[in-house]
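All the letters of the sequence shown, read from the start, carry residue numbers -16 to -1, 1 to 125 under mature numbering (1 follows the signal peptide of the UniProt record, and there is no 0).
Cβ atoms here follow ideal geometry from the backbone N, Cα and C, with glycine treated the same way.
Taking it in order: structure first as structure tokens, then the write-up.
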Amino acid sequence: MQPTLLLFLLPLLALASHGPLSRQDDPDGILTGPHTGQGTYYAVGLGACGITNVASDAIVAVSWELFDNYPGYAGEGSNPNNNPICGKQLQATYQGVTQTVTVEDRCTGCAMWDLDMSTSVFDQFANEAVGRLDGVTWNWV
């Protein structure tokens, strides 16, 4: 076997041979955590994942950067309804309160690890008058 081909195949074999992803397997930290960002809320409706949600749904929009770079998504120009991030669950925590929520949308005004929440999710963390929560931590479920 040629050395170049061997150098290419060895990392792939290592990935296939063990279980959950580690930081080495996921250098951008997209699939691992924890992540910390800001939390905001928005008026939900028809989201990037193709689902029409209502305010009482426990959903979030993730940053455009996370949405567009999620492993397995074809990226800009492809149908966002087919993004594998859609329907994924995460646990978000703020000041000792933890909620399990579902990714259903894409936030164009969010930084990488921010979460834009339905009002029912935000209301469990704080009064809407607060507007923005600093230090929301979250992990994939």
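About 11 Å separates the beta carbon of residue 28 from that of residue 42, a gap too long to meet the 8 Å contact definition.
Between the alpha carbons of residue 84 and residue 45 lies a gap of roughly 13 Å. Judged by DSSP secondary structure, residue 47 falls outside any alpha helix (DSSP H) and instead within the beta strand (DSSP E) spanning 43 to 47.
Taking the C-beta atoms as reference points, residue 50 is found nearer than 8 Å to residue 96. The straight-line gap separating the alpha-carbon atoms of residue 113 and residue 81 is approximately 18 Å. With a contact defined as Cβ atoms closer than 8 Å, residue 72 and residue 122 miss out at about 11 Å.
Beta-bridge analysis with DSSP links residue 91 to 47.
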